[in-house]
Structure formats: C-alpha cells, structure tokens
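*Asks:*
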Amino acid sequence: MRIPPAKIHIPEEDRTQILAAIDACLASGQLTLGKHGAAFEEAFARTAGTTHAIATSSGTSALEIIFRAIGVAGGEVIVPTNTFFATPAAVEHAGGVVRFAECDPATFSIDVDHVRSLLGPKTRAVVVVHIGGVITPRIAELQGICARAGVPLVEDAAHAHGSTLGGKPAGSFGIAAAFSFYPTKVITAGEGGMIATSDDRIDEQARVYRDQGKAGFTSNFHTLLGNNWRLSEPHAIIGGSQLARLPEFIAARQRVAAVYDRLLAGTGVEPLRIPEGSTCNYYKYIAMPPAGVDRSALKKTLRERYDVGLSGEVYEAPCHLQPVFGPQAAGSLPVAEELCSRHICLPVSAVMPDDDAAYVVESLVKALAEQRVATEA
Ligand SMILES: Cc1ncc(COP(=O)(O)O)c(C=O)c1O
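5 is the number of the first residue of the sequence shown in the working numbering; add one for each residue after it.
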C-alpha cells in the first residue's frame, strides 16, 4: 500500500542494540522482572511525571490492576462510552459495574457535565481517556469534581505517551494511569503496558497483583487475587529502546499533523483542534468530513483508487452499543454515536514524509468530490 494506515518504526541501529541486549538477557537467564524492566519503569515514571511506574503485560492488565487496587468491586465506575473495549471490560473484570458517560465533541474525551450527573453513592472511580493523544482542558474541572466527591480519577493514557497539558504530562493527572505498548501505539514493546502513579499504596499493590498476588517475588504467599500480568525482560528491552525515541517520534508526528492542518484548510474537512496550552502526540489525526459523507464508501475509494489506508477510528462505535455491555448500557448517548459514526483518522507515523501527507489530502479531496458527484447523479 502506498500510504499504510500506520507504520511501526524501530530504527535499524535500535534493532541491532535490542538484539544484543536480548542476547545478553537470554544468556543471563533472567527473563522476567529483572534489571531491564526496572530501568524501563524508572525512565517511564520520568516521562509520565510520577514517582512510580509498574510495567505490566498489557494496557488492559494495567487498567484491571488499577481498578483492583482502588477496589471497585460492588461499586460503579464512570467510563466514557467513546473508548476501546478494554477500558470498560477491565472495570467489569475487577468486579465493578460500568456507567457510560457522553462524549465532549471538542476533544472526543468524557463529557464533564455528564460525569457530574452520573456521580452517586456507588461511584468508586471516574475514568478519563485521552483519545488520540488529546488531554481535555476540562481535566482540572474533572479533578475538582472527583476530589469533592471523594472519588479517584483514573487516566486511560493508552494513546497519550508524552502528550501534555499546561506543561504536565499524561499520567500525572489522576491517582493512576494506564499506558499501552501495543504495536500501533506511539511507542511499542511488542506487547506491554505501564501503570504510572505517585500513590505509594497503588504502587505496592500493583507489584503484588501483576505477579500472581504474591507478597514477594520468591514467596509463595498469595495475599491478593492477582494474575500473571508481568512484562518479560525482552519486551522491556524493546520498550526502553522505543521510550528513548519518544520525543523524536512525537516531533515527527507533529510535523505530519502540521501539513494536514495547513492543507485541509478550506476543504470542508475539519480537524479536531488541539486545545490551547496542550501538546498532542498525534497517536491519531482526527478529522470530521462534511455531514452526509458515507465513511465506509470513502475509505473504500481511498484504499482501492488511491492506495491510501485511513487509520482505525477512535472509535468506530461507542462502547454502550457493544452487545457485551448490553444490560449496563446507558440507552442513547447521541453525541458519541454521531461522532463515532462520522469522524475519520488520517494516516500518521514517525516516518511519514510531508509529500505523503500532501498526497493523502489530495486523494481525500478527490474522493470526497467523487462521492458528491455520485450522490448527485
Ligand atoms: C484506550 C485504550 N485502552 C486500553 C487499551 C488496551 O491496551 P493493550 O492493547 O495494551 O491491552 C488500548 C489499546 O489498544 C486503548 O486504545
């Protein structure tokens, strides 16, 4: 494909170093919970602006550990409906019940006013998801609401490595944050996740939960209902290498986004505006085509006629419409339903040339015109 939806980038020099480090690791026999995991955690805590970071097997397990450590079982957790399945699923796996909240069209994040109306005596936590790497500027308001209600705010920062608001990094706004290193994320470890927190109790419990609930690495004394949620040393080596590239990758993505911003002006396609005072890592470049556009037909045209793959939406359908959450679903959440059904995500990667971004916009404009002509005919 001329322009793929995403491109995973592990530079050649990094691959050489990663292979050498993995070789030494294999020779040493220490393949999990060793020095590479510890170094990755230390470096990640600095990126997230927290005192602790705990490496896990995935972003999903990072979320479940946080919800277990908070103790959501038997209570409710307010989760934005516009998120990945793993956010509400982790709540339910930890024994909580999800209350879905509406979407704020300005940021694709949680609707703070709806959170206010959902809070109640059973609420055990509120989750904010930094969709596409955008941190909502209403997060201070959300922090205030949570503090007054005595309820912790959790960040699902799976999209937001290195994004900031008011100079503060994603991961430092809530009691704890979950990050993902799934291959399509801004940085990857192959698979893996990270909990960032400045809460000593969550740090301590998370380390126990991720290792089968054992009180210590060498003990067989199980104090919590944990699981095998460890990150292996080879994964930590890849993750550590990618983390060192984060500023460079974000700068490259921001350059692509600047080309899109410039070339989309006047085309009728409206990019999601990055809030004042914030920086976005551009995990996704979100844009809204004109009303009435058939998104799947547009994607098909771009793929088949122009060899351009649009990236996956965030999200194609809101979670309250997923059958698995049926009984808890909040009925109609029309703003999220509308945004999810209409928006598109343009391809972006750390190695995308400006010319490719220009070709995407040119192709998009042509494909939209073709769809208009076809509709009018
Ligand atoms: C918003 C969100 N939450 C959680 C996850 C789960 O992360 P992982 O795939 O590492 O389990 C993802 C990743 O796909 C995500 O996008």
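C-beta atoms are modelled at their ideal positions from N, C-alpha and C, and glycine is treated no differently.
If I measure Cβ to Cβ from Phe225 and keep anything under 7 Å in the same chain, skipping five residues before and after, which residues do I get?
*Replies:* Counting only Cβ-Cβ distances below 7 Å, and skipping sequence neighbours, we find Lys218 and Ala219.
*Asks:* Rank Met198, Gly75 and Gly148 by C-alpha distance to the C-alpha of Leu229 and give the top, closest one.
*Replies:* Out of Met198, Gly75 and Gly148, Gly75 has the C-alpha closest to the C-alpha of Leu229.
*Asks:* Report yes if the C-beta distance between Pro275 and Thr111 is below 8 Å; otherwise report no.
*Replies:* No. Outside cutoff.
*Asks:* Would you list the one or two residues that DSSP bridges to Phe183?
*Replies:* In DSSP, Phe183 forms a bridge with Met198.
*Asks:* Look at the alpha carbon of Phe410 and the alpha carbon of His97, and state the distance between them as a whole number of angstroms.
*Replies:* The question about residue 410 has no answer here: the residues shown for the chain are numbered 5 through 381.
*Asks:* Quick one: which unbroken alpha helix (DSSP H) runs of 4-plus residues sit fully inside the region 113 to 178? Chain order, please.
*Replies:* 116 to 122 and 143 to 153, all fully within the region 113 to 178.
*Asks:* Kindly indicate which three-state DSSP category Leu343 falls into: helix, strand or coil?
*Replies:* In this structure, Leu343 counts as helix in the three-state DSSP scheme.
*Asks:* May I ask you to verify whether the region 247 to 262 touches the region 92 to 106, counting CB pairs closer than 8 Å and requiring at least 3?
*Replies:* No, because fewer than three Cβ pairs between the region 247 to 262 and the region 92 to 106 fall closer than 8 Å, the two stretches do not touch.
*Asks:* In three-state DSSP terms, what is Ala57?
*Replies:* Three-state DSSP puts Ala57 in a strand.
*Asks:* Specify, as a first and last residue, the run of the alpha helix (DSSP H) that Glu45 falls within.
*Replies:* Counting along the chain, the alpha helix (DSSP H) containing Glu45 begins and ends at Lys39 to Ala52.
*Asks:* Where do the N-terminal and C-terminal ends of the alpha helix (DSSP H) with Ile1 fall, by residue?
*Replies:* Residue 1 is absent from the model: the chain starts at 5 and stops at 381.
*Asks:* Between which two residues does the beta strand (DSSP E) carrying Ala291 extend?
*Replies:* Its beta strand (DSSP E) spans residues Tyr289 to Met292.
*Asks:* Spell out the partners DSSP gives Arg218 in its beta bridges.
*Replies:* First, the residue type needs correcting, since residue 218 is Lys and not Arg in the sequence shown. Answer is His226.
*Asks:* Based on the DSSP secondary-structure assignment, which residues constitute the bridge partners of Phe253?
*Replies:* BP columns for Phe253 are empty, so no partner.
*Asks:* Round the Cβ separation of Ile199 and Ile69 to the nearest angstrom and send it over; I've been treating them as touching at under 8 Å.
*Replies:* About 6 Å; that satisfies the 8 Å criterion.
*Asks:* Could you tell me which residues DSSP puts in a beta bridge with Glu80?
*Replies:* Glu80 is bridged to Val101 and Thr127.
*Asks:* Just to confirm my understanding: we take Val132, look at its own chain, exclude 5 residues before and 5 after, and list those with CB closer than 8 Å. What are they?
*Replies:* Closer than 8 Å at the Cβ level, and outside the excluded window around Val132, lie Pro84, Ser113, Ile114, Thr140, Ile143, Leu146, Leu157, Val158, Glu159, Asp160, Phe177 and Gly178.
*Asks:* What do you get for Asp203, buried or exposed, if any count of 16 or more other CB atoms within 10 angstroms of its CB means buried?
*Replies:* It is buried - the Cβ of Asp203 has at least 16 other Cβ atoms within 10 Å.
*Asks:* Report yes if the CB atom of Ile191 is closer than 8 Å to the CB atom of His165, and no otherwise.
*Replies:* Yes, the pair counts as a contact, with Cβ atoms nearer than the cut-off.
*Asks:* So what's Val312 in DSSP terms, helix, strand or just coil?
*Replies:* If DSSP states are grouped into helix, strand and coil, Val312 belongs with the strands.
*Asks:* Between Pro351 and Val312, is the Cβ-Cβ spacing less than 8 Å?
*Replies:* Yes, Cβ-Cβ distance for Pro351 and Val312 is below 8 Å.
*Asks:* Taking only three categories from DSSP, how would you classify Thr36?
*Replies:* Three-state result, Thr36: strand.
*Asks:* Report the rounded CA-to-CA distance for Tyr310 versus Gly281, giving the unit in angstroms.
*Replies:* About 36 Å.
*Asks:* Roughly how many whole angstroms lie between the Cα atoms of Thr87 and Asp298?
*Replies:* So the two alpha carbons sit approximately 22 Å from each other.
*Asks:* Decide if Ser236 is buried, meaning its Cβ has at least 16 other Cβ atoms within 10 Å, or exposed.
*Replies:* Buried, since its Cβ has 16 or more Cβ neighbours within 10 Å.
*Asks:* With distances taken from CA atoms, which of His13, Ala47, Asn232 and Ala129 is nearest Arg211?
*Replies:* The option with the nearest alpha carbon to Arg211 is Asn232.
*Asks:* Can you tell me whether Gly244 is buried or exposed, with buried defined as 16 or more other CB within 10 angstroms of its CB?
*Replies:* Result: buried.
*Asks:* Following the continuous alpha helix (DSSP H) through Ile70, name the residue where it begins and the one where it ends.
*Replies:* Segment Gly63 to Ile74, the alpha helix (DSSP H) holding Ile70.
*Asks:* So is the beta-carbon of Phe88 under 7 Å away from any non-hydrogen atom of ligand 1?
*Replies:* Yes, since a heavy atom of ligand 1 falls inside the 7 Å radius drawn around the Cβ of Phe88.
*Asks:* Please name the residue in Tyr286, Gln246, Leu247 and Arg249 whose C-alpha comes closest to that of Asp265.
*Replies:* Of Tyr286, Gln246, Leu247 and Arg249, the residue nearest in Cα terms is Tyr286.
*Asks:* Which partner residues of Asn232 appear in the DSSP bridge assignment?
*Replies:* Note: Asn232 sits in a beta bridge opposite Asp215.
*Asks:* Are there any heavy atoms of ligand 1 lying less than 7 Å away from the beta-carbon of Thr91, as far as the coordinates show?
*Replies:* Yes, ligand 1 has a heavy atom inside 7 Å of this Cβ.
*Asks:* Are the beta-carbon atoms belonging to Gly196 and Ser62 less than 8 Å from one another?
*Replies:* Taking 8 Å as the Cβ cut-off, Gly196 and Ser62 qualify as a contacting pair.
*Asks:* How big is the Cα-Cα spacing for Ser353 and Pro125?
*Replies:* About 44 Å.
*Asks:* Can you grab the Cα-Cα spacing for the pair Lys370 / Leu343, in whole Å?
*Replies:* Approximately 23 Å between the Cα atoms of the pair.
*Asks:* Since Cys107 sits in a beta bridge, which residues does DSSP pair it with?
*Replies:* DSSP, once it has assigned bridges, lists Ile114 as partnering Cys107.
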